[in-house]
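*Asks:* Sequences listed follow chains E and F, in order.
Residue numbering for the first sequence follows my numbering, starting at 94 and increasing by one per position.
Residue numbering for the second sequence follows my numbering, starting at 1304 and increasing by one per position.
There's a structure below that I have some questions on.
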Amino acid sequence: MSSLAVEMVAKALKLNIPLSVQLDLTYRCNERCIHCYLDHDDHGEMTTAEIKNLLDQMAAAGVFYLTISGGEIMMRRDFFEILEYARALMFCVKLKTNGVLIRQREAERLHALGVESVQISIYSHRPEVHDEITKMPGSLRQSIDAVRLLRAQGLRVTLANVLMVQNAGDYPGVKALAVELDAKFIMDPTVTPMMDGDRSILKLNVDHAALQQVFRNQEMVGNVEEFCAPPQGPDEETLDMLPCSAGHTACYVSPYGDVYPCVQFPLPTGNVRRQKFLDIWRDSPQFQEVRSITLRDMPSCSKCTHGATCTRCPGLAYMEGNMRGPSSQDCEKSYARTGIPSENYKARHASPQPVSTLKLVQIQGLQRSEFIGDRIPS
Amino acid sequence: MNNHVYVSRSKAIAARALGEETMVMSAADSTLFTLNEMASLIWEAADGATPLEEIVTKRICAQFEIAPEVAMKDAEKLVEDLAGHGILLLSGQPLAASRGETAGSSRETS
């Protein structure tokens, strides 16, 4: 992030403005990715009018970055109507899609509407691997065709790769494909639980050795020595740091109007069908609780040697049963990165405890997590 | 530049007020700008129909203790700079206004 953007985020934080929102238009999808966390049935998506009303409210609330995602966004017949409305309200719009439904006409319209960037999920450069993950024959070819069409329009495109057992060795091939297509590349090494708490898809996560390999790949992390340096432990300053932007300057809205701190942090805070977006953002007790938590308030992580440098996701911690607790998947990553296990990692591996399974009220979905920046839709 | 300049916000941008400032991003190259309070007032008033001189007189000089000729000179420099980045459109004739939010200015390419 540029320093000016960082400055803007700091100002938004001070003013309590939701600078970034991810809005999922639908959970329906034309692919059936094996690692997907979503229930693809339509349980009553917001109507076009409801979404336009929400966009009006979000513009008034100060939202600048609007990520439109899903499901597959183009499964909604009103997608371009919604996009056009959002751009008229001058949101900085980023799209996440599999690209399968993008043809010349769609690429031209996306360019004409001034979309900032388009992220397309590519799981492998090999059709037999990608298509086996998406369960859609021909999907890699169609997604790559979309990338070419979008690039021909001059649109910025990012290939988003989720690392899992099935494609563990293919990320360099996807990165090379990105270079060939003149697109950016991001990779996420974490498959996360389904939003309803089902953790069965976690078995798709790569093992410790594969994670280590990624974290020691200079092409992926830059300066390996620096990236894998032993942790120093949190100091007084870092103990007062906020965990991440979720609930602070960013939030997520589901196709059903539910508002969460993040797509990966399914803590119900309100629903825009019943409340004003800004009222939820400012006044919901859940948002206020999330905002009150610093590293100092986390009994385990505040004492952990990785406390200052861990990529701990509060959403994943919440899905383990305690938003002030550790995120075991991030403990795994910290260990793979530095070779030094966290206390939580050691405890879990000394006597493995079943992670509590959250039974969430709403039927919702969740998108993949952090690492090199963005969240990757499946 | 003469004083009969009309300014209009480009449609190929993203923009949002942030406190008294305005964030503006160019869709062409994702360059991020922030406009200070005075520049934001000009941005908000850039409807394509109001001459820049009138904007400066009514929006800037009425609110700030600044000499009109100094304000006008600063405003001309600002709109030329923003026009150079495709954020504002300039014309000697009234322009069709584009729908949108409200835009000194810092800038950075993200």
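Beta carbons: idealized from backbone N, C-alpha and C, even for Gly.
1. Can you find a CB in chain E that lies within less than 9 Å of the CB of Thr1337 of chain F?
2. Does Lys104 of chain E have its Cβ less than 9 Å from a Cβ in chain F?
3. Run through chain E and tell me which residues come within less than 7 Å of Met1341 of chain F, C-beta to C-beta.
4. Is Val356 of chain E a contact residue of the ligand SAH, with contact defined as CB to any heavy atom under 8 Å?
5. Determine which residues of the segment 244-277 of chain E have a Cβ less than 9 Å from any Cβ of chain F, and write them out in chain order.
6. With DSSP as the reference, label Gly363 of chain E as helix, strand or coil.
7. Have a look at Ile472 of chain E and Ser236 of chain E and give me their C-alpha separation to the nearest angstrom.
8. Can you tell me whether DSSP reads Leu131 of chain E as helix, strand or coil?
9. Please report the Cβ distance between Pro1397 of chain F and Ala1352 of chain F, rounded to the nearest whole angstrom; I am assuming they are in contact, meaning their Cβ atoms lie under 8 Å.
10. From the DSSP output, in three-state form, read off Gly163 of chain E for me.
11. Could you compute how far the alpha carbon of Leu1321 of chain F sits from the alpha carbon of Gly155 of chain E?
12. Would Ala1318 of chain F count as contacting chain E if we go by Cβ distances under 9 Å?
13. Since Leu108 of chain E meets chain F, which of its residues come closer than 8 Å, beta carbon to beta carbon?
14. Glu143 of chain E to Arg367 of chain E, Cα distance in whole Å?
15. What are the residues that DSSP puts in a beta bridge with Gly1309 of chain F?
16. In this structure, what does DSSP give as the bridge partners for Asp300 of chain E?
17. On the premise that Arg1319 of chain F lies in contact with Met183 of chain E, defined as a C-beta separation below 8 Å, what is that separation, rounded to the nearest angstrom?
18. Please list the partners that Phe184 of chain E has in chain F, where partner means a Cβ-to-Cβ separation under 7 Å.
19. Which residues, taken in chain order from the segment 205-220 of chain E, show a beta carbon closer than 8 Å to some beta carbon of chain F?
20. Go ahead and pull the three-state DSSP assignment for Cys1364 of chain F.
21. Can you give me the C-alpha to C-alpha distance between Val258 of chain E and Ala302 of chain E, rounded to a whole angstrom?
22. Would you decide whether Val272 of chain E is buried or exposed? Buried here means 16 or more other CB atoms lie within 10 Å of its CB.
23. Check the Cβ-Cβ distances between Glu199 of chain E and every residue of chain F, and say whether any is below 9 Å.
24. Give, in chain order, every unbroken run of the alpha helix (DSSP H) that is at least 4 residues long and sits entirely within the segment 196-264 of chain E.
25. So is Pro1371 of chain F buried or exposed if we call it buried at 16+ other beta carbons inside 10 Å?
26. If you drop the 5 nearest sequence neighbours on each side, which residues of the same chain put their C-beta closer than 7 Å to that of Thr190 of chain E?
27. So, for Phe380 of chain E: in the same chain, excluding its five sequence neighbours on each side, which residues have a beta-carbon less than 6 Å away from its beta-carbon?
28. If you check the beta carbons only, do Leu243 of chain E and Ser217 of chain E fall under 9 Å apart?
29. Take Asp263 of chain E and list the residues in its own chain whose beta-carbon comes closer than 7 Å to its own, dropping the five residues that flank it on each side.
30. Among F:Leu1335, F:Met1326, F:Ser1333 and F:Asp1332, which residue has its Cα nearest to the Cα of Glu1347 of chain F?
31. What are the partner residues of Tyr353 of chain E, as DSSP defines its beta bridges?
32. Report the partner residues of Tyr158 of chain E according to the DSSP bridge assignment.
33. Using a Cβ cut-off of 9 Å (strictly closer), state whether Ala1330 of chain F contacts chain E.
34. If we ignore side chains and look at the alpha-carbon of each, how far apart do Leu108 of chain E and Val99 of chain E end up?
35. Should Lys1361 of chain F be flagged as near chain E, meaning a C-beta pair shorter than 9 Å?
36. Would you check if there are 3 or more beta carbon pairs closer than 8 Å linking the segment 426-437 of chain E to the segment 385-397 of chain E?
*Replies:* Put simply:
1. Judged by the 9 Å Cβ criterion, Thr1337 of chain F is in contact with chain E.
2. Under the Cβ criterion of 9 Å, Lys104 of chain E is counted among the residues facing chain F.
3. Near Met1341 of chain F there are no residues of chain E at all, since even the closest Cβ is about 17 Å away, more than 7 Å.
4. Only the bare structure without any ligand can be found here, which leaves the ligand SAH out of the picture.
5. Taking 9 Å as the Cβ-Cβ cut-off against chain F, the residues of the segment 244-277 of chain E that qualify are Gly247 and Arg249.
6. It is a strand residue.
7. With chain E running from 94 to 471 in the structure shown, residue 472 of chain E is simply not present.
8. Coil.
9. In this structure Pro1397 of chain F touches Ala1352 of chain F by the C-beta definition: roughly 5 Å separates them, less than 8 Å.
10. Gly163 of chain E sits in a strand when the DSSP states are folded into three classes.
11. So the two alpha carbons sit approximately 7 Å from each other.
12. When Cβ-Cβ separations below 9 Å define contact, Ala1318 of chain F makes contact with chain E.
13. Neighbours of Leu108 of chain E on chain F, chain order: Leu1321 and Gly1322.
14. Here the alpha carbon of Glu143 of chain E sits roughly 11 Å from the alpha carbon of Arg367 of chain E.
15. Rather than Gly, the amino acid found at residue 1309 of chain F in this sequence is Tyr. In the DSSP assignment, Tyr1309 of chain F is bridged to F:Pro1354 and F:Ser1394.
16. In the DSSP secondary-structure assignment, Asp300 of chain E is not bridged to any residue.
17. Between Arg1319 of chain F and Met183 of chain E the Cβ distance is about 7 Å, and since that is below 8 Å, they are a contact.
18. Neighbours of Phe184 of chain E on chain F, chain order: Ala1317.
19. Against chain F - using a Cβ distance shorter than 8 Å - the residues of the segment 205-220 of chain E are Gly207, Val208, Glu209 and Ser210.
20. DSSP places Cys1364 of chain F in helix when its eight states are reduced to three.
21. Each residue's alpha carbon lies about 12 Å from the other.
22. Answer is exposed; the Cβ neighbour count stays below 16.
23. The C-beta of Glu199 of chain E comes no closer than 9 Å to any C-beta of chain F.
24. Runs found: 197-205, 220-227 and 232-245.
25. With fewer than 16 other Cβ atoms within 10 Å, it is exposed.
26. Correct list, in chain order: Glu165, Ile166, Met167, Val211 and Ile213.
27. Correct list, in chain order: Gly340 and Thr362.
28. By the CB criterion at 9 Å, Leu243 of chain E and Ser217 of chain E fall outside the cutoff.
29. For Asp263 of chain E, same chain residues with a beta-carbon under 7 Å away, outside a window of 5 residues either side, are Ser217, His218, Arg219 and Val222 in chain order.
30. The shortest C-alpha separation from Glu1347 of chain F is found at F:Met1326.
31. E:Tyr345.
32. BP columns for Tyr158 of chain E point to E:Ser113 and E:Cys185.
33. So yes, Ala1330 of chain F belongs to the interface.
34. Taking the straight line from one Cα to the other gives about 14 Å.
35. It does not; no Cβ of chain E falls within 9 Å.
36. Yes: at least three Cβ pairs fall under 8 Å.
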